[in-house]
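All remarks here apply to the structure that follows.
Protein chains: 2
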Amino acid sequence: MKNNFNIEKFCQNLISSCDKIQEKTFEKNEIITTYIVNRNQVCIVLEGSADLMRYDFNGNQMVVERFNKFDIFGEIFYQINTNNELFVIAKEKSKILIFNYDIFEKRCKKNCKFHEELTLGLPNLVLTKVSDLNLRIELLSKKTIRDKLISYFKILSEKNFNKTFTLDLSLTDLADYLRIDRSAMMREMKLLKEEGFIKKNGDKITLMIM
Amino acid sequence: MKNNFNIEKFCQNLISSCDKIQEKTFEKNEIITTYIVNRNQVCIVLEGSADLMRYDFNGNQMVVERFNKFDIFGEIFYQINTNNELFVIAKEKSKILIFNYDIFEKRCKKNCKFHEELTLGLPNLVLTKVSDLNLRIELLSKKTIRDKLISYFKILSEKNFNKTFTLDLSLTDLADYLRIDRSAMMREMKLLKEEGFIKKNGDKITLMIM
DNA sequence: AGTAAAAAGTTGCAAATGCAACAAAAACGC
DNA sequence: GCGTTTTTGTTGCATTTGCAACTTTTTACT
Numbered sequence: 123m124k125n126n127f128n129i130e131k132f133c134q135n136l137i138s139s140c141d142k143i144q145e146k147t148f149e150k151n152e153i154i155t156t157y158i159v160n161r162n163q164v165c166i167v168l169e170g171s172a173d174l175m176r177y178d179f180n181g182n183q184m185v186v187e188r189f190n191k192f193d194i195f196g197e198i199f200y201q202i203n204t205n206n207e208l209f210v211i212a213k214e215k216s217k218i219l220i221f222n223y224d225i226f227e228k229r230c231k232k233n234c235k236f237h238e239e240l241t242l243g244l245p246n247l248v249l250t251k252v253s254d255l256n257l258r259i260e261l262l263s264k265k266t267i268r269d270k271l272i273s274y275f276k277i278l279s280e281k282n283f284n285k286t287f288t289l290d291l292s293l294t295d296l297a298d299y300l301r302i303d304r305s306a307m308m309r310e311m312k313l314l315k316e317e318g319f320i321k322k323n324g325d326k327i328t329l330m331i332m
Numbered sequence: 123m124k125n126n127f128n129i130e131k132f133c134q135n136l137i138s139s140c141d142k143i144q145e146k147t148f149e150k151n152e153i154i155t156t157y158i159v160n161r162n163q164v165c166i167v168l169e170g171s172a173d174l175m176r177y178d179f180n181g182n183q184m185v186v187e188r189f190n191k192f193d194i195f196g197e198i199f200y201q202i203n204t205n206n207e208l209f210v211i212a213k214e215k216s217k218i219l220i221f222n223y224d225i226f227e228k229r230c231k232k233n234c235k236f237h238e239e240l241t242l243g244l245p246n247l248v249l250t251k252v253s254d255l256n257l258r259i260e261l262l263s264k265k266t267i268r269d270k271l272i273s274y275f276k277i278l279s280e281k282n283f284n285k286t287f288t289l290d291l292s293l294t295d296l297a298d299y300l301r302i303d304r305s306a307m308m309r310e311m312k313l314l315k316e317e318g319f320i321k322k323n324g325d326k327i328t329l330m331i332m
């Protein structure tokens with residue numbers, strides 16, 4: 123029932139059919155969008171990946187969220203007044219679908235097929251997003267670095283139906299995702315290896331428990 | 123544009139109109155639902171409040187998420203395999219709207235007005251949910267207890283357009299929401315008071331900075 | 001009103017973590 | 001292929017935090 127919406131097929135058909143939607147390609151490190159309140163812009167990653175970055179007054183930058191294929195993003199999902207500027211930056215060459223949220227409520231003049239498909243299909247993408255956010259909260263809720271790592275590994279292991287799996291993030295990015303210090307994470311991973319909880323070979327990890 | 127959907131009015135009209143939706147009342151501490159994979163049940167709080175609780179194998183219980191008026195919840199938003207059971211429990215006498223997510227795709231026989239209003243109105247509730255989750259991730263991302271507290275206070279202050287505001291959670295619940303030890307939080311709040319960053323009087327707090 | 005339960009407040013101490021400052025290895029660019 | 005940049009890996013040390021164990025205050029219940 124959930125996620126039976128085929129966005130790939132959907133996107134192939136709609137591009138030419140509706141004047142309220144854009145498909146744009148961005149090069150690596152290009153700014154895809156900035157979060158501007160009440161613009162109600164919605165974006166979907168069709169190809170590539172992007173980071174939502176915050177630059178605070180000290181000039182520190184931080185990855186707030188990472189978007190991969192079919193992830194949906196935009197200021198409309200992020201009604202948080204942080205006083206810092208938020209940019210979405212392409213991590214690699216990326217294709218992005220861009221439209222306005224009012225497309226949900228206002229039909230376009232031609233009453234094109236896109237609108238019906240969009241209102242039917244988008245909720246599933248948003249559901250997936252909610253689930254991803256809940257997952258991250260679940261991980262950030264763990265009290266220790268060890269718990270965060272083991273929980274994260276368990277999830278990857280279950281996704282792959284295999285005790286051995288490939289990390290989908292670099293270790294630097296993983297520490298960032300879990301909001302822990304990278305060196306402290308390395309220390310804990312070393313302990314996990316030494317104590318026999320995991321085995322590690324390059325970016326392949328085997329979970330020895332559960 | 124966002125949130126112009128009036129759920130209150132909406133709910134008054136629909137109850138009798140559709141056989142695929144239920145409105146149920148729960149007493150304090152009653153179990154509203156448990157998260158069962160692929161049941162695709164969706165719930166909306168009409169009145170009262172509820173906690174999503176996890177009970178792990180050690181018998182420890184934890185509040186995963188709190189739901190207040192017009193919050194939307196259900197397993198469909200929480201596709202996380204935790205191996206622990208998840209219950210939603212009424213914190214007080216509460217009225218809950220319960221339906222199945224397939225209502226989005228399957229019209230009911232009478233083709234009742236409810237379905238159109240639901241598909242139009244629900245996305246806004248979900249958007250708000252996404253925003254709330256992002257806010258919590260923002261808070262959980264802060265490195266120190268101090269940063270978490272100040273960020274949380276800033277948000278309340280901005281919501282109220284006032285440096286002085288009322289805490290909407292008990293201190294115990296706040297520590298839980300921010301995933302920090304309550305006594306460590308109390309210690310930090312004491313320091314914040316002593317250093318003049320905040321003033322506190324009962325559940326009223328005044329933010330002295332920014 | 002009286003008691004039980006929950007919440008707020010406090011503190012010492014041990015443990016976990018972040019930070020800084022490196023070295024080594026791998027990936028990237030031209 | 002060679003230099004540069006990024007990532008991985010390591011460690012000592014200071015700081016922050018969680019935990020345990022309390023007391024006091026407030027709230028709820030009958």
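Note that the protein sequences, when read in sequence, are chains A and B.
Positions in the first sequence are counted from 1; adding 122 to them yields my numbering.
Positions in the second sequence are counted from 1; adding 122 to them yields my numbering.
Glycine residues also receive a C-beta, built at the ideal position from the N, C-alpha and C atoms.
Since the structure is predicted, the reported quantities are computational estimates derived from the model, not experimental observations.
Short CB-CB distance (under 8 angstroms) between B/F199 and chain A: True, the Cβ-Cβ gap to chain A drops below 8 angstroms.
The stretch 273-282 of chain A in contact with the stretch 238-251 of chain A per 3-pair CB rule at 8 angstroms: With the rule of 3 Cβ pairs closer than 8 angstroms, the stretch 273-282 of chain A does not count as touching the stretch 238-251 of chain A.
Cβ neighbours of B/D224 in the same chain (closer than 7 angstroms, five flanking residues each side left out): Taken in chain order, the residues that qualify are N162.
Within a Cβ cutoff of 8 angstroms, which residues of the same chain sit near A/F319, ignoring the five residues on either side of it in sequence? Listed in chain order, the non-local C-beta contacts of A/F319 below 8 angstroms within the same chain comprise I272, L329, M330, I331, local neighbours out to five positions each way being set aside.
Would DSSP call A/E280 helix, strand or coil? In this structure, A/E280 counts as helix in the three-state DSSP scheme.
Expressed to the nearest angstrom, what Euclidean distance is found between the alpha-carbon atoms of A/F166 and A/K215? In the sequence as displayed, the identity of residue 166 of chain A is Ile instead of Phe. Computed Cα separation, rounded: 14 angstroms.
Sequence-distant residues of its chain with Cβ nearer than 8 angstroms to A/L313 (five each side left out): Closer than 8 angstroms at the Cβ level, and outside the excluded window around A/L313, lie R268.
Against chain B: residues of the stretch 248-278 of chain A by CB proximity under 7 angstroms: Those would be V248, L249, K251, V252, S253, L255, N256, L257, R258, I259, E260, L262, S263, in chain order.
Could you pull the start and end residues of the beta strand (DSSP E) that B/K312 belongs to? Unbroken run through B/K312 is the alpha helix (DSSP H), 304-316; no beta strand (DSSP E).
Cα-Cα separation, A/S171 to A/D193: Cα to Cα, the separation comes out at about 9 angstroms.
What separation, rounded to the nearest whole angstrom, lies between the Cα atoms of A/F199 and A/T156? Those two C-alpha atoms are separated by around 13 angstroms.
Rounded Cβ spacing between B/L261 and B/I218 (contact assumed at less than 8 angstroms): Under the criterion of beta carbons closer than 8 angstroms, B/L261 and B/I218 do not qualify as touching, at roughly 27 angstroms.
Closer than 8 angstroms between beta carbons: that is the criterion. Which residues of the stretch 288-309 of chain B meet it against chain A? Within the stretch 288-309 of chain B, those residues whose Cβ lies closer than 8 angstroms to any Cβ of chain A are, in chain order, R301.
Leaving out five residues before and five after B/K321 in sequence, what residues of the same chain have Cβ atoms less than 6 angstroms from its Cβ? So the list reads T328, once near-sequence residues are dropped.
Judging by CA-CA distance, which residue of B/N151, B/V186, B/I220 is the nearest neighbour of B/R258? Checking every option, the nearest Cα to that of B/R258 belongs to B/V186.
Against chain A, with Cβ distances strictly below 8 angstroms, would B/N203 count as a contact? For B/N203, the answer is yes, since a Cβ of chain A falls inside 8 angstroms of its Cβ.
Can you grab the Cα-Cα spacing for the pair A/Q144 / B/Q144, in whole Å? The straight-line gap from Cα to Cα measures roughly 40 angstroms.
Which residues in chain B have a C-beta closer than 9 angstroms to the C-beta of A/E238? List them in chain order. The contacting residues do not exist; A/E238 stays about 11 angstroms from chain B at best.
Grouping DSSP H, G and I as helix and E and B as strand, with all else coil, what is B/Y223? Assignment of B/Y223 by DSSP, reduced to helix, strand and coil, places it in the helix class.
So the alpha helix (DSSP H) A/T294 belongs to, where does it begin and stop? Under the DSSP assignment, A/T294 falls in the alpha helix (DSSP H) whose first and last residues are 293-299.
Going by Cα to Cα distance, which pick from A/T294, A/N222, A/L291, A/N256 is closest to B/E203? Note on identity: in this sequence residue 203 of chain B is Asn, with Glu being the wrong assignment. Per the C-alpha coordinates, the member of A/T294, A/N222, A/L291, A/N256 positioned closest to B/N203 is A/N256.
Near-chain B residues of the stretch 147-172 of chain A - C-beta to any C-beta below 9 angstroms: If the cut-off is 9 angstroms between Cβ atoms, the stretch 147-172 of chain A has N160, N162 near chain B.
Is it buried or exposed for B/E149, if we count other Cβ within 10 angstroms and need 16 for buried? The residue is exposed, with fewer than 16 neighbouring Cβ atoms inside 10 Å.
Per-residue DSSP class, three states only, for B/Y66: Outside the displayed range of chain B (123 to 332) lies residue 66 of chain B, so it cannot be described from this structure.
Does any C-beta atom of chain A lie closer than 8 angstroms to the C-beta of B/E145? Closer than 8 angstroms: no.
DSSP on A/E149, reduced to helix/strand/coil? DSSP places A/E149 in coil when its eight states are reduced to three.
Quick test of your reading: A/V164 and A/F221, contact by CB under 8 angstroms. State the CB separation rounded to the nearest angstrom. With a contact defined as Cβ atoms closer than 8 angstroms, A/V164 and A/F221 qualify at about 6 angstroms.
Please compile the residues from chain A whose C-beta is within a distance smaller than 7 angstroms of the C-beta of B/E280. Using a Cβ-Cβ cut-off of 7 angstroms, B/E280 is close to N203 of chain A, given in chain order.
In angstroms, rounded to a whole number, what distance separates the CA positions of B/T286 and B/N323? Cα-Cα distance, rounded: 10 angstroms.
B/Y274 by DSSP, collapsed to three states: which one? Here B/Y274 carries a helix assignment [DSSP, helix/strand/coil].
Name the DSSP bridge partner or partners of A/N323? Answer is A/K326, bridged to A/N323.
Where do the N-terminal and C-terminal ends of the beta strand (DSSP E) with B/R176 fall, by residue? Here the beta strand (DSSP E) through B/R176 covers 172-177.
In the DSSP assignment, the beta strand (DSSP E) including A/V164 goes from what residue to what residue? First-last of the beta strand (DSSP E) with A/V164: 163-169.
For A/K264, three-class secondary structure by DSSP: Coil.
Nearest-angstrom Cα separation, counted from B/T266 out to B/A297: Looking at the two C-alpha atoms, the distance is approximately 13 angstroms.
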